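A.B. asks: Here this note's numbering is used: the first residue of the sequence shown is 3, the next is one more, and so on. Every residue, glycine too, gets a C-beta built ideally from N, C-alpha and C. Bear in mind the structure is a predicted one, so any value in this text is a computation, not a measurement. Got a structure for you, questions after.
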Amino acid sequence: MDKKQFKETKAFRFKRFARKSYSIFNSIHKMVTIGVLSGCTLMSAHAASIDPVEQIFIKTDSESIPPTELDEVVVTASKVALPINMAAKQVTVITSKEIERAPVRSIEDLLNYVAGIDILQRGPHGVQADISLRGGTFDQTAILLNGVNLTNPHTGHYNFDIPINLSDIERIEIVQGPSSLVYGASAFSGGVNIITKKDNESGFYTKLEGGMHGMFGADVRGSFANDKSTHSLSAGYKRSAGYIPNSDYNIYNLLWQSRFKVNGTNIDFQAGLNDKAYGANTFYTAAYPNQYDDTQGLFFSVKGESSGKIKITPHIYWSRHYDEFQLIREGTPDVPAWYTDHNYHRSDVFGMNLHLQYASQLGITSFGGEFRNEGILSNVLGNTIDNPIGKYSKSDNRTNISYFAEHNFILDRVTFSLGGLINYNTAVTDKFEFYPAINGSFRVNDKLNLYGSWNRASRMPTFTDLYYTTATHIGNSNLESELSEAFEVGAKLNNYLISGSIAIFYMEGKNMIDWVKPSPDALWESTNHTQINKKGMDLNLTLNIKNWFGINQPMNSLNAGLMLLDQERADDELISNYILNHLRHKLTVGLHHDLIKNLSVAWNFRWQKRNGSYVSYIDLQPGERVDYAPFSILDVQANYKLNNIDLFINANNIFNTKYVDLGNIPQPGFWLSGGAAIKL
Numbered sequence: 003m004d005k006k007q008f009k010e011t012k013a014f015r016f017k018r019f020a021r022k023s024y025s026i027f028n029s030i031h032k033m034v035t036i037g038v039l040s041g042c043t044l045m046s047a048h049a050a051s052i053d054p055v056e057q058i059f060i061k062t063d064s065e066s067i068p069p070t071e072l073d074e075v076v077v078t079a080s081k082v083a084l085p086i087n088m089a090a091k092q093v094t095v096i097t098s099k100e101i102e103r104a105p106v107r108s109i110e111d112l113l114n115y116v117a118g119i120d121i122l123q124r125g126p127h128g129v130q131a132d133i134s135l136r137g138g139t140f141d142q143t144a145i146l147l148n149g150v151n152l153t154n155p156h157t158g159h160y161n162f163d164i165p166i167n168l169s170d171i172e173r174i175e176i177v178q179g180p181s182s183l184v185y186g187a188s189a190f191s192g193g194v195n196i197i198t199k200k201d202n203e204s205g206f207y208t209k210l211e212g213g214m215h216g217m218f219g220a221d222v223r224g225s226f227a228n229d230k231s232t233h234s235l236s237a238g239y240k241r242s243a244g245y246i247p248n249s250d251y252n253i254y255n256l257l258w259q260s261r262f263k264v265n266g267t268n269i270d271f272q273a274g275l276n277d278k279a280y281g282a283n284t285f286y287t288a289a290y291p292n293q294y295d296d297t298q299g300l301f302f303s304v305k306g307e308s309s310g311k312i313k314i315t316p317h318i319y320w321s322r323h324y325d326e327f328q329l330i331r332e333g334t335p336d337v338p339a340w341y342t343d344h345n346y347h348r349s350d351v352f353g354m355n356l357h358l359q360y361a362s363q364l365g366i367t368s369f370g371g372e373f374r375n376e377g378i379l380s381n382v383l384g385n386t387i388d389n390p391i392g393k394y395s396k397s398d399n400r401t402n403i404s405y406f407a408e409h410n411f412i413l414d415r416v417t418f419s420l421g422g423l424i425n426y427n428t429a430v431t432d433k434f435e436f437y438p439a440i441n442g443s444f445r446v447n448d449k450l451n452l453y454g455s456w457n458r459a460s461r462m463p464t465f466t467d468l469y470y471t472t473a474t475h476i477g478n479s480n481l482e483s484e485l486s487e488a489f490e491v492g493a494k495l496n497n498y499l500i501s502g503s504i505a506i507f508y509m510e511g512k513n514m515i516d517w518v519k520p521s522p523d524a525l526w527e528s529t530n531h532t533q534i535n536k537k538g539m540d541l542n543l544t545l546n547i548k549n550w551f552g553i554n555q556p557m558n559s560l561n562a563g564l565m566l567l568d569q570e571r572a573d574d575e576l577i578s579n580y581i582l583n584h585l586r587h588k589l590t591v592g593l594h595h596d597l598i599k600n601l602s603v604a605w606n607f608r609w610q611k612r613n614g615s616y617v618s619y620i621d622l623q624p625g626e627r628v629d630y631a632p633f634s635i636l637d638v639q640a641n642y643k644l645n646n647i648d649l650f651i652n653a654n655n656i657f658n659t660k661y662v663d664l665g666n667i668p669q670p671g672f673w674l675s676g677g678a679a680i681k682l
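Encoded structure:
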């Protein structure tokens, strides 16, 4: 080409060729160079869209021409995996670098630093937490591991009983708003997809840590790679004597992953075990503080992925969860005569899905279907069976079948997707549901992206919602599925000095499921609210201070996130256990800086205000209704790098704030811990 044409050429720079169908599609008529990615993402795990890019220039005789920036980060915010700057929804990505410098011991602790996520922790460090998005409930959020939907049909309280250590994670993708087309019909208010590392080299990692309240943890991870396959095995253990009586825990994780490369096709195997045993002080009712839970989670999946113009992705998965819940922990004195046995549950999920994708000059078309069967055996939940199986005398089972199609139009500055999911569940007689999704984005220039979306979704009641009937609760086998519809508009800004996003959303929810009661002395009942509408805003901002003031000063980055939510409540007189106690406002701020060479410090602050109230208990008896009070928490980590060794100290809740965020469960005060990690 001549000199003038060369000057007008826009260059795209990739860290590596992604081998995705859209990679060829996007490179048509463009100059592509392959180089090392060097960029800034989220710091301290705050909610802002990631656009890690490298500024390069094409040299000519007279000038340097800045290239168009392309995202190397590929996200699953639609059925087609696209670079994040093409995603037509708000997607928060937390990378392994943010995880390393966050003063946390679990995924649940980490997600607390995202302004748009509500974490209701019954126990710290991954013992148990309810994860919800934009004022929803924990049962309305889909939880996935490498695309495998591990959402627990028994109850969302166990959604994070998954076999993964923080050191296994490559990144976490959080999609806000109804996402049935992306993650399945259960993604009522969004989804969290945890993506693990795919090691391209053999290596070894280990970490030891300890701290207050008898805390101890150990992780070990090894990987082996050659030209035809990669393999990794990780194991983790953590324990604590507890920060209040009956809050001790022991947690084990084991995860195996293998990838085989066969004639351009990847075949992925993964399997894992999660084992937890913990004191559950007042977890589900303050009338019985000596509760105890013993759970095990197992899963296995195999996935294939072909390459080329037509990509075929079959997937088979299975997961099983055991739960022994003791309302009164064994060894507790003076057990009442009416308490004769514990609650035993076993839930199983088996699924198969097929995803086909075709790329052409008209865009990328994807279609496919999923079969998912959910079942439970229990001595409490379900319908009575004629021949009990061990301790299990009740059961229930349902099958979900769905078909989807989506087309993505990808133009120079516009991404537009149109799709829908047809869903049938055997628990709902002769009824097919259709969940459409329309998403679009417009790249104003290389730095600014505007987007809008409209999506629908639903959520089937859990087996706990349907059947849990005890001395304190009444289930409802006639519950209807929840329905949601959401509108969202927003903007994303990214350059080497400042990046951020803003999203304004409105969501209508019908047949909302919650456990409520009209007075403190009444029993909890599961019921459908007629309608609850929400409107709100997410705002996130990242300042790349090194780029502002140069590398010869200690500050690295400053991040801030703000979530504002207003919800029209169905009935102000009801006492709600979940949905009416939504997180109304949340502010997060993170600062990362250096002290001396190789010594860095990360500060993480959050302030939040919760709507609603809870019933206080005095001497194990219900008392007055108490409104939730706002609170703020400051955590800090100091990290010193010494070749392949990281030495770290974590100080959580350094001002020893006393607060409750879920019923009568007091949260931990100041907690100091530290340790070392070695990577080879």
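(1) In the DSSP assignment, find the unbroken beta strand (DSSP E) run with S234 in it and report its ends.
(2) Just grab the DSSP bridge partners of H347 for me.
(3) For F327, collect the residues of the same chain with a Cβ closer than 7 Å to its Cβ; drop the 5 residues on either side in sequence, then sort them by chain order.
(4) Within the same chain, show all residues whose beta-carbon is closer than 6 Å to that of E203, passing over the 5 residues directly before and after it, in chain order.
(5) Name the DSSP bridge partner or partners of T706?
(6) In the DSSP assignment, find the beta strand (DSSP E) that holds T97 and state where it starts and stops.
(7) Grab me the residues of P522's own chain with a C-beta within less than 6 Å of its C-beta, minus the 5 sequence neighbours each way, in chain order.
(8) Measure the alpha-carbon distance for I667 versus N399 and round it to whole angstroms.
(9) Going along the chain, which residues of its own chain have a beta-carbon closer than 6 Å to the beta-carbon of H317, five neighbours each way excluded?
(10) Starting from L622, follow its DSSP beta bridges and name the residues at the other end.
(11) Check the C-beta distance from I647 over to Q639 and give it rounded, since I have them as a contact under 8 Å.
(12) From A243 to G216, what does the alpha carbon distance come to, in whole angstroms?
(13) Using the Cβ count rule (16 or more neighbours within 10 Å means buried), how would you classify W340?
(14) Exposed or buried, M45, counting other C-beta atoms within 10 Å across all chains shown (16 or more means buried)?
(15) Are T94 and I176 closer than 8 Å when you measure CB to CB?
(16) So within the region 520 to 567, which uninterrupted alpha helix (DSSP H) runs reach at least 4 residues, ignoring any that extend past its ends?
(17) Got a sec, what are the start and stop residues for the alpha helix (DSSP H) D596 sits in?
(18) Rounded to the nearest angstrom, what separates G665 and E102 at their Cα positions?
(19) Excluding the five sequence neighbours on either side, which residues of its own chain have a C-beta within less than 6 Å of the C-beta of S234, listed in chain order?
(20) Do you know how far the Cα of A361 is from the Cα of N265?
(21) Would the region 181 to 188 count as touching the region 132 to 146 if we require 3 or more Cβ pairs under 8 Å?
(22) With distances taken from CA atoms, which of G281, T267, L329, W526 is nearest P126?
(23) May I ask you to verify whether the region 499 to 512 touches the region 527 to 545, counting CB pairs closer than 8 Å and requiring at least 3?
(24) Near T466, what residues of its chain come up, given a Cβ to Cβ distance below 7 Å and the 5 sequence neighbours on each side ignored?
(25) For the candidate residues G365, L420, N114, whose alpha-carbon lies nearest to that of I96?
(26) Just list the residues that DSSP pairs G149 with in beta bridges.
(27) How many angstroms separate the CA atom of K278 from the CA atom of G238?
(28) My output table needs one value for F465: the three-state DSSP class, helix, strand or coil.
(29) For Q555 and F444, what's the separation of their Cα atoms in angstroms?
(30) Could you please give the first and the last residue of the uninterrupted alpha helix (DSSP H) stretch that includes D701?
(31) Return the CA-CA distance between R348 and G149, expressed in angstroms with no decimal places.
(32) The beta strand (DSSP E) spanning Y642 covers which residue range?
(33) Buried or exposed for R415, going by 16 or more other Cβ atoms inside 10 Å?
(34) Does the beta-carbon of R591 have 16 or more other beta-carbons within 10 angstroms, so that it is buried, or is it exposed?
(35) Check whether the Cβ atoms of K537 and D516 lie closer than 8 Å to each other.
(36) Rounded to whole angstroms, what is the Cα-Cα separation between N410 and I366?
C.D. replies: By the coordinates alone:
(1) 231 to 242
(2) D325, S380
(3) D295, H344, N345
(4) A227
(5) Because the chain spans 3 through 682 in this model, residue 706 falls outside it and cannot be assessed.
(6) 93 to 97
(7) V617, P624
(8) 33 Å
(9) K305, N355
(10) L622 is not bridged to any residue.
(11) That pair is no contact at about 16 Å.
(12) 5 Å
(13) exposed
(14) Its pLDDT being 31, under 50, M45 is placed unreliably in this model, and the value from its coordinates should be taken loosely. M45 comes out buried.
(15) yes
(16) 547 to 551
(17) From DSSP, D596 is part of no alpha helix (DSSP H) but of the beta strand (DSSP E) over 585 to 598.
(18) 32 Å
(19) D201, S225, Q259
(20) 20 Å
(21) yes
(22) G281
(23) yes
(24) H156, T157, L383
(25) N114
(26) Answer is none; G149 lacks a bridge partner.
(27) 12 Å
(28) helix
(29) 37 Å
(30) The requested residue 701 is not part of the displayed model; the chain covers only 3 to 682.
(31) 23 Å
(32) 633 to 644
(33) exposed
(34) According to the sequence shown, residue 591 is Val rather than Arg. The residue is buried, with at least 16 neighbouring Cβ atoms inside 10 Å.
(35) no
(36) 5 Å
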